[in-house]
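For reference, the structure is listed below as structure tokens.
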Amino acid sequence: MELNGAQIVIQSLKDEGVEYIFGYPGGAVLHLYDAIFQQDDVKHILVRHEQGATHAADGYARATGKPGVVLVTSGPGATNAVTGIATAYMDSIPMVIISGQVPSPVIGSDAFQEVDMVGITRPCVKHNFLVKDVTKLAETIKKAFYVATTGRPGPVVVDIPKDITDPRIKVPYKYPKKVSIRSYNPAVSGDKGQIKKAVDLLLTAQKPIIYSGGGVVLGEASKELIEFAHTLGFPVTNTLMGLGAYPATDKQFVGMLGMHGTYEANMAMHESDVIIAIGARFDDRVTGKLDEFCPYAQIIHIDIDPASISKTVKVAIPIVGQVKHVLDQMLEIIRESKKKPSKKVLERWWNQIDQWRAVKCLEYDRESRLIKPQYVIEQLYEVTKGDAYVTSDVGQHQMWAAQYYPFDKPRRWINSGGLGTMGFGLPAAIGVKLAFPDFDVACVTGDASIQMCIQELSTALQYKTPVKIINLNNSYMGMVRQWQEFSYESRYSHSYMDTIPEFVKLAEAYGHVGMRIDKPEDVRPALEEAFALKDRTVFLDILTDRTENVYPMIESGKGHHDMTLRVASGTSTDRELA
Amino acid sequence: MRHIISILIENESGALSRVAGLFSARGYNIESLTVAPTEDPSLSRMTLVTRGSDDIIEQITKQLNKLIDVVKLIDLAESVHIERELMMVKIKTSEHTREEVRSLATIFRGSIIDVTPTTYVVEMTGPSSKLDAFIAAIDGDTIIEVVRSGPTGISRGEKGLHL
């Protein structure tokens, strides 16, 4: 089969099984868009800003496990995509970004809409390619998907100069079934000796804890993690990225750990003598002050990326491999072992954990006359029966969603953890809804975050992706405000916006349903009404208590055992701000 | 501690900037960096001198290995190895210093590869410390220019860095 470069790109995506491309046209990709026009297999989703394309593809990838695909033009199209690429990179999300480039002969001449995309994205991609030869195009795209989806996943950019997609130049096309790259051989199974050592250590632990992260979600190892935890009877804590990989309603789950983790999770980490970290990377928001991190623990770390091991925290037993595979290997040894974890020892440990649980660190003022954001999330959980896909933006609302919506399944909680990208939630929700049209998709956001990619409301209408936007509106960049309250004697420098759009009208202007809720008793009925409108995008503008803070909290420079708990419920409620 | 990391890398445009970018992005220091194609034209050999604690060097080698273009690498400092650097020094000479410079070059097994009535260019190879010693032995005011390649290295014995 002879195809031109543009057709090769589209045919390659088809052969790769790509359902959707999220993109925005422009000069350097016009040939590609012409090829898209002439086929129906790969559906193109036209966003309103390239950042939206990357987040939508990212949301699609996080929800499905399949790579997200983005198509942008050169120059500003490419740079607008960078935030979304970096977002995917930090959370190891498989994505392939095809960017147009100016024609090869003018590269380097500061041509119109020229930017060195390969150079700009180098630090925030797993790998990138500049295609210099149309006969290498199909193979390069195959390599991009191979690199993006194997090992520790990540975004891969394929930069294609316009002359490569010239419709007049046709070459033989064959999409490779397999590619190999001599310098790239990601690990699969873990070292048997190390695994044996790890199991021995686990079976003699007095105060063990399983600390699992996003790698369990990405590695599809939720089932193995559950079996592993149930077999051993150990407590489990999840990172922000790992939520859902272990069911939050399981009795062995002690909640999220880290800066806004639960008291019981952080105390258990601090007091633990053996920690097994599974697909987690000891992020600074998890560890707090490194010198005080888990002072009594020997640490086992399973990760597919050797560079994640002993990066910030030295571990006793490193195991490089796919978490799913390594957990299976461990389970086999545990089953065959005569040694079992001591029931008595574990009982003592659980008693201790139950005492920490009794602190009820997530309690809040339920009697308030103002709408408490935590209450909104709890109601969202009930109305969606805990079975929605929930995306979020970044800030207080993100933490509340993580704390008060107990996720029982992996891939249901979709947020920008590593990069912390405001504006992520709405486009991500659109990507999720395209993948799972029959499921409830909620975007939990705030009045500041939602404005960063608000233009995608238009995309939501065009492609009929009825998501529900839960806007926890407190007129502040709440998390910034909270830090200013804690660390800057409440000097609220530029964390308050004097003018905020009327979101109801805004939603209506974009062709959606808008609702404004300002009384606690109206929250539940509004949510029910919104989710009953199956085919409409609904924007719920919920005016919440402006002074509410996220608790518990490890303030910067402190250790896990040094958490700030809510002093007494309601103390912040009546303080006047702004 | 000083480490010499020897890397086999795909001979492709941009490969060098991936390595250089990694070092600047992660705050590692590069003392020197040399790169040239090998007998296999698809591969380049890079020799990188860096300093850091064992933890940092471990991270550096892991992060380098993560780059898709990096095929293989070794830390030469981990085993016995030979290290060589090429230096060319342009030295101002006068009638009564010419002889002294020439004998100094001979002592250091250097050779004079360019001569004008007022200058010499001395070429010298050796471990970096030897080149440092030569520079120290010369009157600093007479040095017009020093060009150093940065060290390259190879391990002793049968073991080698190849595919």
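Heads up: the sequence lines are chains A and B, in that order.
Per the numbering used here, residue 1 is the first one in the first sequence, and the count goes up by one each step.
Per the numbering used here, residue 1001 is the first one in the second sequence, and the count goes up by one each step.
From the three backbone atoms N, C-alpha and C, an ideal C-beta is built for every residue, glycine too.
- In the assembly as shown, V383/A is a buried residue. Its beta-carbon has 16 or more other beta-carbons within 10 Å.
- The beta-carbon of A297/A is placed no less than 8 Å from the nearest beta-carbon of chain B.
- A205/A sits buried, since 16 or more C-beta atoms from the chains shown fall within 10 Å of its C-beta.
- In this chain, the alpha helix (DSSP H) harbouring D1055/B covers 1054-1066.
- With a 10 Å radius around the Cβ and a threshold of 16 neighbouring Cβ atoms, E508/A comes out exposed.
- The contact set of V1071/B on chain A, defined by CB atoms closer than 8 Å, consists of R182, S183 in chain order.
- For R1045/B, the enclosing beta strand (DSSP E) covers residues 1043-1051.
- Secondary structure of T312/A (DSSP, three-state): coil.
- V274/A and L346/A do not touch by the CB rule: their CB atoms are close to 12 Å apart, not below 8 Å.
- In this structure, the beta-carbon distance from T391/A to V432/A falls below 8 Å.
- Rounded to whole angstroms, the gap between the alpha carbons of Y1028/B and L1048/B is 12 Å.
- In the assembly as shown, D545/A is a buried residue. Its beta-carbon has 16 or more other beta-carbons within 10 Å.
- The beta carbon of S493/A lies closer than 8 Å to those of Q484 in the same chain, with the five residues before and after it left out.
- The beta-carbon distance between W349/A and K207/A, rounded to whole angstroms, is 5 Å. This is short enough to meet the 8 Å contact definition.
- Going by DSSP, K1090/B is part of the beta strand (DSSP E) stretching over 1081-1092.
- For Y496/A, the beta-bridge partners assigned by DSSP are Y476/A.
- Burial check for Q403/A: the Cβ neighbour count within 10 Å reaches 16 or more, so the residue is buried.
- Taking each of P373/A, T262/A, F539/A in turn and checking the Cα distance to E548/A, the smallest one comes out for P373/A.
- Per DSSP, the unbroken beta strand (DSSP E) holding P318/A starts and ends at 317-320.
- Between V179/A and chain B, the shortest Cβ-Cβ separation is not below 8 Å.
- The beta carbon of V315/A lies closer than 8 Å to those of A277, I299, I300, H301, I309 in the same chain, with the five residues before and after it left out.
- For E378/A, the uninterrupted alpha helix (DSSP H) run begins and ends at 373-383, by DSSP.
- Proximity of A86/A to chain B, defined by a Cβ-Cβ separation below 8 Å, is not satisfied.
- Here the alpha carbons of G119/A and K136/A stand approximately 21 Å from one another.
- The C-beta of H49/A has 16 or more other C-beta atoms within 10 Å across all chains shown, which makes the residue buried.
- A Cβ-Cβ distance of about 7 Å is found for the pair S337/A and V199/A, placing them in contact under the 8 Å criterion.
- In this structure, the CA atom of G1052/B is about 20 Å from the CA atom of P1127/B.
- A straight line joining the alpha-carbon of S1079/B with that of S1006/B spans about 12 Å.
- Note that the region 441-453 of chain A touches the region 394-403 of chain A; at least 3 beta-carbon pairs, one per stretch, sit closer than 8 Å.
- Around the beta-carbon of M90/A, 16 or more other beta-carbon atoms lie within 10 Å, marking it buried.
- Taking all protein chains in view, the Cβ of L1022/B is crowded by 16 or more other Cβ atoms within 10 Å, so the residue is classified as buried.
- Within the region 280-292 of chain A, no residue has its Cβ closer than 8 Å to any Cβ of chain B.
- By the C-beta density criterion, G108/A is exposed, having fewer than 16 other C-beta atoms within 10 angstroms.
- Per the Cβ contact rule, the region 151-160 of chain A is in contact with the region 83-102 of chain A (3 or more Cβ pairs under 8 Å).
- Going by beta carbons, I304/A and A187/A fall inside the 8 Å limit.
- Taking a Cβ-Cβ cut-off of 7 Å, the neighbours of P123/A in chain B comprise G1021, A1025, given in sequence order.
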